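As structure tokens, the structure follows; a few thoughts come after it.
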Amino acid sequence: MAQTTPNQKTRWTFQWKELYEEIIDTGICTGCAGCVISCPHDVIGYEHEPGAYKPFHLEEELGDSDCIHGQKGCTSCTRACPRFRDWETEADQHLFGRVRSDNEVAGIYKDILLTRASDDFVYEIGQDGGLVSAILIWCLENGVVDGALVSHLEGGEGGWKATPALATDREGVLAGAGSRYTYSANTLAYPQAVEKGLKDLALVGMGCQTSSPPIMWHRKIGKTGKAFKLNIGLLCSKSFDDSLFDELFAIKYGIVKEEIAKMNIKGVFQVWMKNGDYHEINLKECHAWTREGCTTCPDFAAEHADISTGGIGNKSDWTLTVVRTPLGREIIMKMLQEGVIEARPGDADPAAIELMHRLSKKSRERWPKFAYSAQASRVTIKSKGGTSS
Ligand SMILES: Cc1cc2nc3c(=O)[nH]c(=O)nc-3n(C[C@H](O)[C@H](O)[C@H](O)COP(=O)(O)OP(=O)(O)OC[C@H]3O[C@@H](n4cnc5c(N)ncnc54)[C@H](O)[C@@H]3O)c2cc1C
Ligand code: SF4
Ligand code: SF4
């Protein structure tokens, strides 16, 4: 596979052909759908189904692996892909003006806090402290954004198929509160936002999705990138294929999907039922249903979000909150001043921070050796007198 480095002086000519060969065909595609929403010719489809969660080319003219528009110079899909070539260095540079050091395994950040929504309803309905929902509601009500790309449940309550959705008010935000551990490419709600004429969007998603806007900005993708104003990350070590429900939960444990009230992962898969029953399922048993796109993912801590959020540690009713950018800090500070959220210092739960670093380090080991290596590329460029990092 070609591994030449596009430094700042290289003309960006990479199109679907390179995306297909280097990312999709090799299995390092995360299924984030950044390429799908960025394609100006609408020729990239997406299969949001068990065993898939991948983009595919819709035009048959040149087969699965090449694109006629790409041959004529269109490069939008590779400009949006948060796994293509030197994605990590580029997103770091764009957001923080520097590349993370080797010991910043969880990415670059400013503050770590434990937070929770002051509104009892938002707190109760949220997965951990309800911070993500509180931020979205506050940002929508204060004109920071006019829409949020989140995940809802297909079929409403009782349907556990996580599905991309657009939220424009408190009700829409709360309809998505809580975590589903199957995949939802929230970016796919972008066309709904465009249809409504919305211009300032928040994206909620795991690291695979929240690295996409910074990559779009850095690679100057234009319109699609400009719409993303706020990026809220969810810490994540894996998501599962939807077939987990039918093939493991139902067959082995008799868990009826429609009767599940809430799920969480805290060392084990915890499942609360509407009738009050509770199940714990060993995570090792679930491994076989890990979504393919997650098996090579190196980003546990959603390292390119404005604010990354998680539920690890001893204070499980608080959201572990990693504030990364000036925008992230401004929002958290204003919400604190207005009493919309409560916060404690991250030091109140040192085990959570230690675990975040440990899990981040573990995820980094998954990035395959054949894939693009920023470290290797930096050496190559230097010896050629190039300009990159
Ligand atoms: C697949 C997945 C894996 C995770 N793994 C970990 C982990 O290993 N360790 C850890 O500390 N935290 C993990 N989290 C994050 C954690 O579960 C909470 O989402 C986070 O702490 C925020 O909690 P909250 O109460 O502030 O958010 P809430 O107010 O409950 O809001 C949660 C937001 O997440 C969105 N969302 C829910 N499910 C999905 C989904 N499947 N895909 C995309 N968006 C979704 C909702 O639309 C909502 O906007 C994971 C989350 C997901 C979705
Ligand atoms: S990682 Fe995302 S942008 Fe890259 S090919 Fe896969 S779906 Fe497209
Ligand atoms: S592990 Fe999480 S962040 Fe990584 S690809 Fe899977 S869902 Fe995305």
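Residue numbers for the sequence shown follow numbering that gives the first Met the number 0, so the first one is 0 and each next one is one higher. Glycine included, each C-beta is placed from N, C-alpha and C at the ideal position. Predicted, not measured: the structure shown is a model, and the values here were computed from it.
Starting from residue i, trace the alpha helix (DSSP H) in both directions and tell me its first and last residue.
| i | result |
| --- | --- |
| PHE120 | 119-124 |
| GLU341 | Careful: GLU341 lies outside any alpha helix (DSSP H), inside the beta strand (DSSP E) at 340-344. |
| PRO212 | 211-217 |
| PHE95 | 86-95 |
| THR77 | 75-79 |
| LEU331 | Going by the sequence as given, residue 331 is Ile instead of Leu. Segment 325-336, the alpha helix (DSSP H) holding ILE331. |
| LYS261 | No alpha helix (DSSP H) contains LYS261, which is instead part of the beta strand (DSSP E) from 259-264. |
| ALA133 | 130-140 |
If you count every other CB in all the chains shown that lies within 10 Å of the CB of residue i, and 16 or more means buried, which is it?
| i | result |
| --- | --- |
| THR294 | exposed |
| GLU170 | exposed |
| ALA350 | exposed |
| THR12 | exposed |
| THR386 | The pLDDT assigned to THR386 is 32, lower than 50, so where the model puts this residue is not dependable; a value taken from the coordinates is nonetheless given after this. So THR386 counts as exposed. |
| MET355 | buried |
| GLN208 | buried |
| PHE369 | exposed |
| ILE27 | buried |
| ARG10 | exposed |
| GLU194 | exposed |
| ASP348 | buried |
| SER376 | The pLDDT assigned to SER376 is 49, lower than 50, so where the model puts this residue is not dependable, and the model offers no usable value. |
Please classify residue i: does DSSP put it in a helix, a strand, or coil?
| i | result |
| --- | --- |
| ALA161 | strand |
| VAL42 | coil |
| GLY384 | Caution is warranted here: a pLDDT of 33 is assigned to GLY384, below 50, making its placement in the model unreliable, and the coordinate value is therefore given only provisionally. Of the three classes helix, strand and coil, the one that applies to GLY384 here is coil, per DSSP. |
| TYR19 | helix |
| THR223 | helix |
| TYR277 | strand |
| GLN269 | strand |
| SER376 | With a pLDDT of only 49 at SER376, under 50, the local geometry of the prediction cannot be trusted, and no value is derived from it. |
| ILE231 | strand |
| SER150 | strand |
| THR186 | helix |
| VAL321 | strand |
Flag residue i as yes if its beta-carbon sits less than 9 Å from any beta-carbon of chain D, otherwise no.
| i | result |
| --- | --- |
| LYS273 | Reference to chain D is not applicable here, since this structure consists of a single protein chain. |
May I ask which residues mark the beginning and end of the beta strand (DSSP E) holding residue i?
| i | result |
| --- | --- |
| ARG169 | Careful: ARG169 lies outside any beta strand (DSSP E), inside the alpha helix (DSSP H) at 169-173. |
| SER307 | 306-309 |
| GLY204 | 200-205 |
Any 3 or more C-beta pairs closer than 8 Å across the segment 332-340 and the segment 228-246: no
For the segment 274-281 against the segment 224-234, do three or more pairs of beta-carbon atoms, one drawn from each stretch, fall closer than 8 Å, so that the two count as touching? no
Any heavy atom of ligand 2 within less than 7 Å of residue CB: hits in chain order: Listed along the chain, these residues meet the criterion: LEU18, ILE22, ILE23, CYS28, THR29, GLY30, CYS31, ALA32, GLY33, CYS34, VAL35, LYS53, PRO54, CYS76, ALA79, CYS80, PRO81, ARG82, PHE83, CYS207, SER211.
Inter-stretch contact at 8 Å, needing at least 3 Cβ pairs: the segment 93-111 / the segment 53-62: no
Would you check if the segment 302-320 and the segment 120-131 touch, i.e. whether three or more CB-CB distances between them fall below 8 Å? Using a C-beta cut-off of 8 Å, the segment 120-131 makes contact with the segment 302-320, since at least three inter-stretch Cβ pairs fall below that distance.
For the segment 84-98 against the segment 65-74, do three or more pairs of beta-carbon atoms, one drawn from each stretch, fall closer than 8 Å, so that the two count as touching? no
How about the segment 110-122 and the segment 209-222: do they share at least three Cβ pairs that are nearer than 8 Å? no
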